[in-house]
Amino acid sequence: MFSGSVCYDEGESEAESQSSSMEMSNPIFQLYEAVRGARNNQGQVFSEPFQQLPSRREYPDYYQQIKQPIALQAKMKNGEYENVEQMEYDLNTMFENAKRYNMAHGPPV
Numbered sequence: 015m016f017s018g019s020v021c022y023d024e025g026e027s028e029a030e031s032q033s034s035s036m037e038m039s040n041p042i043f044q045l046y047e048a049v050r051g052a053r054n055n056q057g058q059v060f061s062e063p064f065q066q067l068p069s070r071r072e073y074p075d076y077y078q079q080i081k082q083p084i085a086l087q088a089k090m091k092n093g094e095y096e097n098v099e100q101m102e103y104d105l106n107t108m109f110e111n112a113k114r115y116n117m118a119h120g121p122p123v
């Protein structure tokens, strides 16, 4: 599933990459990578709008409407997930947040 040559993200050190490789057997990491890498038929990454929270300056009403904003990337980097169920809960919350906000405001954030 995770074979191929080593490629570091921009700004990522070799040490960070090595610690990431050790996580590849972790089901939480595997779920995150599967969600993060999923693409549609045109090659667009589905998770892109969910990786970071919307800008507070550009979307102040988002934070008034959405009481539990979630960004997967930050929670993964901070090691906040102890099990797959916690990540599943956050994924469902993120999708519900997006539906709630975008149904009231038109095109996705």
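All the letters of the sequence shown, read from the start, carry residue numbers 15 to 123 under this note's numbering.
Ideal Cβ placement from N, Cα and C applies to all residues, glycine included.
Fair warning: this is a prediction, and the values are worked out from it, not measured in the lab.
Beta-carbon proximity list for residue i, same chain, < 7 Å, skipping 5 on both sides
i: Glu-3; result: There is simply no residue 3 to check, as the chain begins at 15 and stops at 123 in what is shown.
i: Asn-54; result: Phe-60
i: Arg-70; result: Tyr-77
Same chain only: Cβ atoms within 6 Å of residue i, ignoring 5 sequence neighbours per side
i: Met-108; result: Phe-64, Ile-84
i: Asp-104; result: Ile-84
Residue i, DSSP secondary structure in three states
i: Arg-53; result: strand
CB contact below 8 Å: residue i versus chain D
i: Pro-68; result: The structure shown contains no chain D, having only a single protein chain.
Cross-strand partners of residue i (DSSP beta bridge)
i: Val-124; result: Since the first and last residues shown for the chain are 15 and 123, residue 124 lies out of range.
Short Cβ contact (8 Å threshold) for residue i with residue j
i: Leu-45; j: Met-101; result: yes
i: Ile-80; j: Asn-111; result: yes
Check: residue i C-beta below 7 Å from any heavy atom of the ligand FMN
i: Asn-55; result: The ligand FMN is absent from the structure shown, which contains no ligand whatsoever.
Q. What runs of the alpha helix (DSSP H), each 4 residues or longer, lie entirely inside the region 64–106?
A. 74–79, 86–91
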